[in-house]
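Q: Protein sequences appear in the order of chains V and L.
Numbering-wise (the working numbering), the first sequence opens with residue 6 and increments by one.
Numbering-wise (the working numbering), the second sequence opens with residue 63 and increments by one.
All residues carry an ideal CB built from backbone N, CA and C; glycine is no exception.
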Amino acid sequence: MTEQLQVLVGGITLGCLYGLLALGFVVVARSTGVLNLTQGAFVVMGAYFTYAASRTLNLPFPIAVLLAVLATAGIAVLLEALIVHRIANSNLFTPILVTFGLLILIPPIFYGIWGTKPLAIADPWGLAHFQLGPVSVNHRDIAVVVVTAVLLVALALFLRRTRLGLAMQATAVDAEAALAQGISDRLVHRLSWALAGSFGAVAGMFLATAAGGGARPGLELYALLALPVIILGGIESPLGAVIGGLVMGIVQQFAVATVPESFGKGFSEVVPYIVMITILLVRPEGLFGTRKVRRA
Amino acid sequence: MTSQQAVSVDPVEAPGKAREAANPRLVGSRSARWGLVALLVLIVAFPMNFGDTYWLGVLNATGTAAIAAVGLNVLTGYAGQISLGHAFFVSVGAFTTQYVGGTMGLPMVVWLPAAALAGGICGALVAPFALRLKGPYLAIVSLGLVFLGVFLGRNLPSVTGGNEGTVVSARATLGPIDFEQLQLGSIYFLREQSLFILIWGCLALVLLFTANVMRTRGGRAMQAVRDHDIAAEVLGVRMMRTQANAFILSTAIAGLAGGLLAVNLQYIRPDNFDVNLSVQYLAIIVIGGLGSTFGPVLGAIFVSMVPVLVDNFSDKLPFMGTPGSDGLSTTDLNLILYGSLIVAFLLLESKGLVALLGRARRALQARRSAANPA
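#1: Quick check on L/L228: buried or exposed, where buried means 16 or more other Cβ atoms within 10 Å of its Cβ?
#2: If you run the structure through DSSP and keep just helix, strand and coil, what is V/H194?
#3: Give the secondary structure of L/I144 by DSSP, where H, G and I count as helix, E and B as strand, and everything else as coil.
#4: Around the C-beta of L/A422, are 16 or more other C-beta atoms found within 10 angstroms, so that it is buried, or is it exposed?
#5: Within its chain, find whatever has a CB closer than 8 Å to the CB of L/T64; leave out the 5 residues flanking it on each side and keep chain order.
#6: Take the Cβ of V/G187 as the centre, count every other Cβ of all protein chains shown within 10 Å, and call the residue buried at 16 or more, exposed below.
#7: Considering only the alpha carbon of each residue, which of V/A220, V/Q257, V/A213, V/I80 lies closest to V/A231?
#8: Considering only residues of the segment 206-291 of chain L, which uninterrupted alpha helix (DSSP H) runs meet the minimum length of 4 residues and lie entirely inside it, listed in chain order?
#9: Please tell me whether V/V234 has its Cβ less than 8 Å away from any Cβ of chain L.
#10: Just the Cα atoms here: how many angstroms apart are L/G119 and L/E254?
#11: Ordered along the chain, which non-local residues of its own chain (more than five positions away) have a Cβ less than 6 Å from that of V/A21?
#12: Can you grab the Cα-Cα spacing for the pair V/G120 / L/P198, in whole Å?
#13: With distances taken from CA atoms, which of L/A273, L/L371, L/G321 is nearest L/F356?
#14: Check whether chain V comes within 8 Å of L/S431, counting only Cβ atoms and requiring the distance to be less than that.
#15: Taking the continuous beta strand (DSSP E) assigned at V/S141, which residues delimit it?
#16: Can you grab the Cα-Cα spacing for the pair V/P302 / V/A27, in whole Å?
#17: Taking the Cβ atom as the reference point for each residue, do L/F157 and L/T115 lie within a distance shorter than 8 Å?
#18: Rounded to a whole number of angstroms, what is the C-alpha to C-alpha distance between V/L157 and V/A199?
#19: Would L/A189 and L/A306 qualify as a contact pair, given that the criterion is a beta-carbon distance under 8 Å?
#20: Relative to chain V, which residues along the segment 126-143 of chain L have a C-beta separation below 9 Å, given in chain order?
#21: In the DSSP assignment, find the alpha helix (DSSP H) that holds V/L229 and state where it starts and stops.
#22: Is there a Cβ of chain L sitting closer than 8 Å to that of V/V31, yes or no?
#23: For V/L42 and V/R191, what's the separation of their Cα atoms in angstroms?
#24: V/F30 lies in the alpha helix (DSSP H); which residues open and close that run?
#25: Have a look at V/Q11 and V/P139 and give me their C-alpha separation to the nearest angstrom.
#26: Going by DSSP, which residues form a beta bridge with V/F135?
#27: Where does the unbroken alpha helix (DSSP H) through L/N338 begin, and where does it stop?
#28: Does the CB of V/T283 have a neighbour CB from chain L at under 8 Å?
So this is what it looks like as structure tokens:
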């Protein structure tokens with residue numbers, strides 16, 4: 006029982022990270038209709054900028070994270086404005102290919118600058134943990150869960166209560182009608198990329214603080230592992246992203262803990278994709294997605 | 063999101079296309095026929111007069127990449143379905159080759175079709191899932207296929223040699239002809255020279271085949287679905303079947319490419335066939351020109367030159383790392399260049415090198431006709 010609870014805690018933490026990564030995809034897909042694979046690069050930026058701010062500039066950790074998030078969001082906006090906006094509405098796969106091109110070209114630049122060895126990013130929680138009954142919970146786990154919850158609530162409030170948020174919703178529903186109402190699609194697209202960059206950067210910072218982690222090559226692949234999550238949760242639902250992430254994280258952690266060796270090496274890494282294929286067979290629009298009605 | 067036309071047919075070529083479609087011959091025109099003969103002669107004559115094994119090795123790798131890219135071009139360029147999973151089908155062909163040709167010891171007339179068949183069967187198995195999906199969803203699922211493929215490859219050591227991979231012992235022999243030690247009268251070819259003839263010969267056949275398939279009813283149906291799926295359906299194109307055909311043709315060509323790749327490399331590992339390889343194929347068809355006959359070949363030559371140039375010039379670049387110290391590795395520089403090229407071509411010349419060459423040729427012709435108005 007204790008063991009299972011321990012696995013559950015690990016699953017919830019991993020799930021929240023997946024949720025954060027998926028939120029980045031969802032925010033952009035909702036308002037611009039682009040599957041933004043560059044999300045993986047934002048994760049790398051978040052991790053390395055946090056390292057640079059906290060270790061090289063010796064700033065306090067929260068300020069370092071804030072700077073990293075702002076820098077990543079800024080670069081995200083630049084990428085959208087200079088490159089992606091021009092082809093966002095061209096056809097189905099040009100945006101995917103362009104953002105994929107950005108995904109493979111950006112992370113190596115960071116590895117070239119900071120080297121390929123893992124870099125510890127001076128996180129405040131380290132390996133500290135407390136006992137919750139028989140289960141030990143890392144401080145980092147708490148931070149991940151709290152930050153994800155806060156960001157999700159903030160995003161929901163922003164989308165529902167603010168003028169800009171409503172503008173984003175309107176663009177998501179019908180871009181042309183929104184334009185006719187005087188909503189700038191440029192502003193909305195750039196804002197969604199800024200949000201995606203922020204979510205990616207926060208996720209990257211947390212990924213780099215895991216035990217045995219650090220800012221290191223390969224972080225961009227975590228975003229690709231979160232792709233099945235958005236199929237699970239529906240590509241346009243923020244709540245679905247987080248719940249889908251939680252489901253995926255918990256399933257994956259239990260798979261790691263319980264699946265016998267005979268399933269082969271690296272089985273846990275493909276679990277998200279196996280879950281995804283099952284979901285696609287049963288409910289292609291995801292748990293919280295809406296079935297699209299196409300009219301030409 | 064609406065699916066507008068992905069790659070429009072060049073209006074200048076449209077009447078020619080219609081004529082070609084009505085014309086059931088294997089090779090469209092007399093000039094094309096002579097071009098084909100010249101190409102075949104060149105494929106044999108070039109390696110006879112060129113013995114640099116390094117460059118022949120590069121060209122052979124280019125040829126296998128071009129064949130695989132032709133397959134991806136069928137799916138993405140002609141049928142408008144994006145796939146990030148092409149490397150998976152290439153790996154199926156590669157490991158099938160080693161199993162049928164190496165472990166079972168059967169000759170090339172068996173293993174080469176078997177590789178294509180295995181790729182096609184895997185495509186047929188995946189197609190029903192994939193065809194329920196559009197755009198981003200298909201990209202995600204096909205990406206998952208690569209991860210699953212590498213996982214399976216690592217855990218089926220009896221076929222793939224597991225993590226360490228396997229030496230390819232399949233022999234490229236066709237009856238008395240050994241494509242690893244060709245002999246023409248008293249001329250003996252090197253291994254690279256012989257494989258060049260095999261690989262580029264196969265590439266020529268695959269190009270001829272796909273170009274012709276795209277002129278048939280089925281091939282034109284694929285392009286109609288790409289340009290506007292609902293309009294195509296209204297006109298009586300069966301969408302599911304058309305897309306499934308494109309998928310199977312594409313993956314069968316990938317399997318064939320995998321077989322040749324295995325024989326050319328002589329040693330294959332599951333990790334060879336990861337996301338990066340899929341990226342390379344996508345880069346090839348985007349840079350070469352989506353939905354064009356020779357785009358994949360031009361793209362493959364262009365893309366294969368990137369790592370060669372990087373290898374040869376990286377020690378002259380100040381920001382490159384040396385082994386053991388920090389700095390940019392050659393693999394990373396390759397990735398940066400691939401990524402930049404994909405982005406640049408899609409932004410600036412979305413029809414690729416083929417369109418670039420076509421424009422250059424038209425500009426040249428215009429200048430020539432201006433020079434002698436007679």
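A: Taking the coordinates as given:
#1: What you label residue 228 of chain L is simply residue 166 of the second sequence in a count that begins at 1. It should be noted that the sequence gives Thr, not Leu, for residue 228 of chain L. Classification for L/T228: buried.
#2: Walking along the first sequence from the start, residue 194 of chain V turns up at place 189. If DSSP states are grouped into helix, strand and coil, V/H194 belongs with the helices.
#3: Counting from one through the second sequence, the residue named residue 144 of chain L turns up at place 82. Coil, per DSSP.
#4: Residue numbering aside, residue 422 of chain L sits at position 360 when the second sequence is read from its first letter. Classification of L/A422: exposed, given that the 10 Å Cβ count is below 16.
#5: Working through the second sequence from its first residue, we reach residue 64 of chain L at position 2. Note on L/T64: pLDDT 41, under 50, position unreliable in the model; no value is reported.
#6: For the purposes of this step, residue 187 of chain V is taken as residue 182 along the first sequence, with counting starting at 1. Exposed, by the Cβ-count rule.
#7: Counting from 1 along the first sequence, the entry for residue 231 of chain V is found at position 226. Closest option to V/A231, Cα to Cα, is V/Q257.
#8: DSSP runs (the alpha helix (DSSP H)) wholly in the segment 206-291 of chain L: 219-222, 253-275, 279-289.
#9: The residue you call residue 234 of chain V lines up with position 229 of the first sequence. The beta carbon of V/V234 does not come within 8 Å of any beta carbon belonging to chain L, so the residue lies off that interface.
#10: Position 57 of the second sequence holds residue 119 of chain L. Position 192 of the second sequence holds residue 254 of chain L. Roughly 6 Å separates the two Cα atoms.
#11: Counting from 1 along the first sequence, the entry for residue 21 of chain V is found at position 16. The displayed chain sequence assigns Cys, not Ala, to residue 21 of chain V. Annotation for V/C21: V149, V150, T153 place their beta carbon closer than 6 Å to its own, counting only its chain and skipping 5 residues before and after.
#12: Stepping through the first sequence from its first residue, residue 120 of chain V is reached at position 115. Stepping through the second sequence from its first residue, residue 198 of chain L is reached at position 136. If you take the alpha carbons of V/G120 and L/P198, they lie about 33 Å apart.
#13: The sequence position of residue 356 of chain L within the second sequence is 294, counting from 1. Here the closest residue by C-alpha is L/A273.
#14: Translated into positions along the second sequence, residue 431 of chain L becomes position 369. It does not; no Cβ of chain V falls within 8 Å.
#15: Stepping through the first sequence from its first residue, residue 141 of chain V is reached at position 136. First-last of the beta strand (DSSP E) with V/S141: 140-143.
#16: As shown, chain V starts at 6 and ends at 301. That puts residue 302 of chain V outside it, with no answer to give.
#17: As a working mapping, residue 157 of chain L is identified with position 95 in the second sequence. As a working mapping, residue 115 of chain L is identified with position 53 in the second sequence. For L/F157 and L/T115, no; Cβs fall outside 8 Å.
#18: For the purposes of this step, residue 157 of chain V is taken as residue 152 along the first sequence, with counting starting at 1. For the purposes of this step, residue 199 of chain V is taken as residue 194 along the first sequence, with counting starting at 1. CA-CA distance, V/L157 to V/A199, rounds to 15 Å.
#19: Locating residue 189 of chain L in the second sequence gives position 127, where the first residue counts as 1. Locating residue 306 of chain L in the second sequence gives position 244, where the first residue counts as 1. In contact: L/A189 and L/A306 (Cβ atoms closer than 8 Å).
#20: Within the segment 126-143 of chain L, the residues whose Cβ lies closer than 9 Å to some Cβ of chain V are T138, G142, Q143, listed in chain order.
#21: Numbered from 1 along the first sequence, position 224 holds the residue referred to as residue 229 of chain V. Run containing V/L229: 225-230, per the alpha helix (DSSP H) assignment.
#22: Position 26 of the first sequence, counted from the start, is the residue given in the question as residue 31 of chain V. Answer no: the Cβ-Cβ gap between V/V31 and chain L never drops below 8 Å.
#23: Within the first sequence, the letter at position 37 stands for residue 42 of chain V. Within the first sequence, the letter at position 186 stands for residue 191 of chain V. Distance from the CA of V/L42 to the CA of V/R191, rounded to the nearest whole angstrom, comes to 20 Å.
#24: To locate residue 30 of chain V, count along the first sequence from 1; it is residue 25. According to the DSSP assignment, V/F30 belongs to the alpha helix (DSSP H) that extends over 7-37.
#25: Mapped onto the first sequence, residue 11 of chain V falls at position 6. Mapped onto the first sequence, residue 139 of chain V falls at position 134. Rounded to whole angstroms, V/Q11 to V/P139 spans 9 Å at the Cα level.
#26: The residue you call residue 135 of chain V lines up with position 130 of the first sequence. Answer is V/V142, bridged to V/F135.
#27: Taking the first residue of the second sequence as position 1, residue 338 of chain L is located at position 276. It spans 337-350 - the alpha helix (DSSP H) in which L/N338 sits, taken as one unbroken run.
#28: Taking the first residue of the first sequence as position 1, residue 283 of chain V is located at position 278. Answer no: the Cβ-Cβ gap between V/T283 and chain L never drops below 8 Å.
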